[in-house]
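Down below is the structure, laid out as structure tokens.
Number of protein chains: 2
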Amino acid sequence: MSKVQPRTLSGFLELLPEEQVLFDRILGSLRDTYELYGFTPLDTPLIEASEVLLAKGGGETEKQIYRFSKGDADLSLRFDLTVPLAKYVALHAGQLTFPFRRYQIGKVYRGERSQRGRFREFYQADIDVIGDGKLDISNEAEIPSIIYRAFTDLGLKRFQIRVNNRKLLNGFYALLGQSEKAQDIMRAVDKLDKIGPEKVQEILSHDLNVPSADAFKILEFTRASGSSQTVLAYLEQYRGRNETFNQGLEELSAVTRYLSAFGVPDTHFAVDLSIARGLDYYTGTVYETTLLDHPEIGSICSGGRYDNLAEYYTDKQLPGVGISIGLTRLFYVLQEQGYLNEDLTTAPADVLILPMTDDLGPAITLATYLRSWRLQAQIYTEPKKFKQKMAYANKLGFQYVAILGEDEIRQGKISLKDMDSGEQLLLTKEEVRGEITTHTCLKDGTKPIVDKGE
Amino acid sequence: MSKVQPRTLSGFLELLPEEQVLFDRILGSLRDTYELYGFTPLDTPLIEASEVLLAKGGGETEKQIYRFSKGDADLSLRFDLTVPLAKYVALHAGQLTFPFRRYQIGKVYRGERSQRGRFREFYQADIDVIGDGKLDISNEAEIPSIIYRAFTDLGLKRFQIRVNNRKLLNGFYALLGQSEKAQDIMRAVDKLDKIGPEKVQEILSHDLNVPSADAFKILEFTRASGSSQTVLAYLEQYRGRNETFNQGLEELSAVTRYLSAFGVPDTHFAVDLSIARGLDYYTGTVYETTLLDHPEIGSICSGGRYDNLAEYYTDKQLPGVGISIGLTRLFYVLQEQGYLNEDLTTAPADVLILPMTDDLGPAITLATYLRSWRLQAQIYTEPKKFKQKMAYANKLGFQYVAILGEDEIRQGKISLKDMDSGEQLLLTKEEVRGEITTHTCLKDGTKPIVDKGE
């Protein structure tokens, strides 16, 4: 038979089993964190009517979208989890209870130009809190605590959550008489990290026709640094001159005030006036999160406050705040930078049972016993030599191997080998269970990421 | 602004939050079972090159497929998890260790005619064991034990795993001199449950030109019933007359012999000679699973043994055995038939904290404390009346509400209300933690399905 060459599309991440175990551990840890904060899981279709998905229309996104026909239907694959959330809330508003707090972890699709570390299919892990008409500012302070907890529980240490407020920026640009250009200015300022201050100044002066003195002030404003208190004190000089600015200052103060009660240490938080976020969508607090030892990676968790989640679908005012983690890219980057915990067990089970007799009965009975105690057990079933069976156990990284030869069966015991220490003990099944249980309990605390940064 | 009507495509299941929690519990329980038996998780792209996905070609599937172009690429959405597995194993064979045991739970796409209970996007939950050249028969005996454990852990009681062996059928048809028609006969026999014996006989006699006497024998063969031992004894009459039949009988005997060691009770298992499975792909043991109180639903978990997983991609001989659960349809059916556990808590968190003062500080501090102990806590942040806050707690089904008014704050205590009993206690934060911890530990044992059948 002529064969088809098996291949996986470029831009689509397909992991080997050991990598997949690590990826799933990260995903599971994020899910646990989100649930710790009272978010409910959501799952929406990957395919939506194009009319619905592209209601907002225009922009870079539309070019990248996977869009196709099936019968009469014009369909598209989702490119983020925010638009499906907007649709979901608009559609089911009558059956939801507000504030509505949901998390969603799922794949999204963007037909980007294929390049190293860029993916066309990737996981996003989002949380959002949606209010009905109103939403208290404390929600904007809770978000950094969720980011902090999420990354800390994964094992990351050296990261910083940077916060700004778009009302401050809008107010400040209004003070300079540049209100109409506010969105364009923010999009330029958002590029600071990528292209540097000179090029941003050039965009402001040349492309946007902002007077040089104002462009200078805009850049100076982004540079205010120091502790949150220092930056808030710096901002005081503009208080009372613009309503929007004042409101932004109040909000930013409230967010920083609540932070320590939310358990976020000063070391992991900064007010950063250069954070703007490119999307027009955001109206208040905005977030970015950077790895201190790898700023070149850019933000690994971003988001912000918005006033109107679903304006394309409903007249209902639905303000909210949310963040998104680009999980596939994060995993790729952490792997590249050597952050993944190589000591984490990726074996398919807690123990591999090696039957050394033709009759697999005793091995099966042992497996059934261990599984009844919720211990993961795999039986090596193939009639191979002992050496090959041990090689299998080694390759897959099993911690324990339970050997059942004629001697063991006659004595009603099991030889349990610890593959790390090489130690082998002749034990009863209850002792085997005890030994493995102790080990799996210790194992549970192992984090998928090792952050060696000082 | 003119609005776009929000909608979800027909044939795509989109659940409300309470339903989603239940669905996720079922999915999580299946994952736990699969891992208990030593299967490693896998995740493959939803999109593949059409050439790769349709390597086998033809059939009903191709008509139903979501196929489209992006740039020069001819792409398709996966319609099952078996073809992507075949591609994965053929592509990565050099980096895998055999026997390779993987599970995959993910969405697949089939553009079926839209009707009640039929889905175009649905989850499959698959396991497969793939051998390199060979695979021991004991793997075929382990599969029913996984099915048994999976459904039992979900809470199902009244179900039966039915097993047959295609070698028996092939051998028996050969005895009748109907070898060339074996595949067609099996496809007809596979319809027994749906269309009844008269119509199957008609297909055999008229469409397939099987002589009446033989058609009668074929149907008679499917009716052999009783305990596994009785059916095996019935089959003995044909032993020694056909090599394939003998082999099938050996395999079926081995499978039933190992079953009790694997912990499958007789009540949940039957040898059923009418099970054929439509797919040509299967070569040995085949499985179906039916709800005893709802046979009309058909099989809720099916699969079988195959000799050549990836023949379209590689010369490597990759025999295997696997099963698949159509999770979306199963969930839909269980919901329709009232099997879902309505007592299962679907609240977003273990406790809802109600701050009764303007300063949310004490509520935030309490939430942070409880979360540090891995208890799920949500703060109700909106400045509403007490009654409205309690209505929120009620609607979302919170078990506990922690009230923090001026009195409580002054005393350094919390009023903890049990929403079930109505009891309200004034407690320290440590006592609150103890109370909720006790409850969540009990809760963990609750199963998502309640099977009231006797």
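Chains as they are written, first to last, in my numbering: chain G, 1 to 454; chain Y, 1001 to 1454. Built from N, CA and C at the ideal position, the CB exists for glycine as well.
- Rounded to whole angstroms, the gap between the alpha carbons of G1071 of chain Y and S324 of chain G is 29 Å.
- E142 of chain G counts as buried, since no fewer than 16 other beta carbons sit within 10 angstroms of its beta carbon.
- Distance from the Cα of G397 of chain G is smallest, within the candidate group G:Q411, G:L344, G:H439 and G:D272, for G:L344.
- Less than 7 Å divides the Cβ of H294 of chain G from the Cβ of Q337 of chain G.
- Taking a contact to require three or more Cβ pairs closer than 8 Å, the region 1247 to 1261 of chain Y and the region 1152 to 1170 of chain Y qualify as touching.
- Look at R1162 of chain Y here: in three-state DSSP terms it is strand.
- If you check the CB distance, A367 of chain G and A349 of chain G do not come in under 7 Å.
- At a beta-carbon threshold of 8 Å, the residues of chain Y lying near E35 of chain G are P1348, A1349 and Q1376, ordered along the chain.
- Scanning its chain for C-beta atoms nearer than 6 Å, with the 5 sequence neighbours on each side dropped, one finds around R1118 of chain Y the residues E1112, in chain order.
- Taking 7 Å as the cut-off, the Cβ atoms of I1449 of chain Y and L1154 of chain Y count as close.
- Inter-segment contact for the region 1080 to 1092 of chain Y and the region 1 to 16 of chain G is present: three or more beta-carbon pairs are separated by less than 8 Å.
- Between S1010 of chain Y and S1114 of chain Y, the alpha-carbon positions lie close to 7 Å from each other.
- Chain Y places a beta carbon closer than 7 Å to that of N139 of chain G, counting this residue as a contact.
- The beta carbons of A49 of chain G and V1004 of chain Y sit no closer together than 7 Å.
- Residue range S1138 to L1154 is occupied by the alpha helix (DSSP H) that includes E1140 of chain Y.
- Contacts between D1024 of chain Y and chain G, judged by CB atoms closer than 7 Å, involve P41 in chain order.
- Here the region 1101 to 1112 of chain Y makes contact with the region 1060 to 1080 of chain Y; the two share three or more CB pairs at distances below 8 Å.
- Two segments are said to touch when three or more pairs of C-beta atoms, one from each, lie closer than 8 Å; by this definition the region 73 to 85 of chain G does not touch the region 1036 to 1045 of chain Y.
- Shown here for Q1183 of chain Y: same chain residues with a beta carbon closer than 7 Å to its own, the five before and five after excluded, namely D1280 in chain order.
- Burial check for L1352 of chain Y: the Cβ neighbour count within 10 Å reaches 16 or more, so the residue is buried.
- Classified as buried, E1140 of chain Y has 16 or more neighbouring CB atoms from the shown chains inside 10 Å of its CB.
- Taking 7 Å as the Cβ-Cβ cut-off, the region 1351 to 1366 of chain Y approaches chain G at L1360, G1361, I1364 and T1365, given in chain order.
- Think of a sphere of 8 Å around the beta carbon of K1134 of chain Y: the chain G residues whose beta carbon falls inside it are E382, in chain order.
- Taking 7 Å as the cut-off, the beta carbon of T1289 of chain Y is found no closer than this to the beta carbon of I1185 of chain Y.
- At a cut-off of 7 Å between C-beta atoms, A1270 of chain Y does not count as an interface residue with respect to chain G.
- Counting the other Cβ atoms within 10 Å of the Cβ of Q1104 of chain Y gives 16 or more, which makes it buried.
- Proximity of R223 of chain G to chain Y, defined by a Cβ-Cβ separation below 7 Å, is not satisfied.
- In terms of beta-carbon proximity, T61 of chain G stays away from the interface with chain Y, with every pair separated by 7 Å or more.
- Look at S1302 of chain Y here: in three-state DSSP terms it is strand.
- With a threshold of 7 Å between beta carbons, R1101 of chain Y makes contact with chain G.
- Put simply, the CB of Y1312 of chain Y is near chain G, with a gap under 7 Å to one of its CB atoms.
- With respect to K1167 of chain Y, G1304 of chain Y sits apart: the two C-beta atoms are not nearer than 7 Å.
- Under a criterion of Cβ atoms nearer than 8 Å, the residues of chain Y adjacent to T368 of chain G are, in order, S1145, A1261, F1262 and G1263.
- The C-beta of C301 of chain G has 16 or more other C-beta atoms within 10 Å across all chains shown, which makes the residue buried.
- Around the C-beta of R116 of chain G, fewer than 16 other C-beta atoms lie within 10 Å, and the residue is accordingly described as exposed.
- Within the region 388 to 401 of chain G, Y392, K395 and L396 place their CB atoms closer than 7 Å to a CB of chain Y, listed in sequence order.
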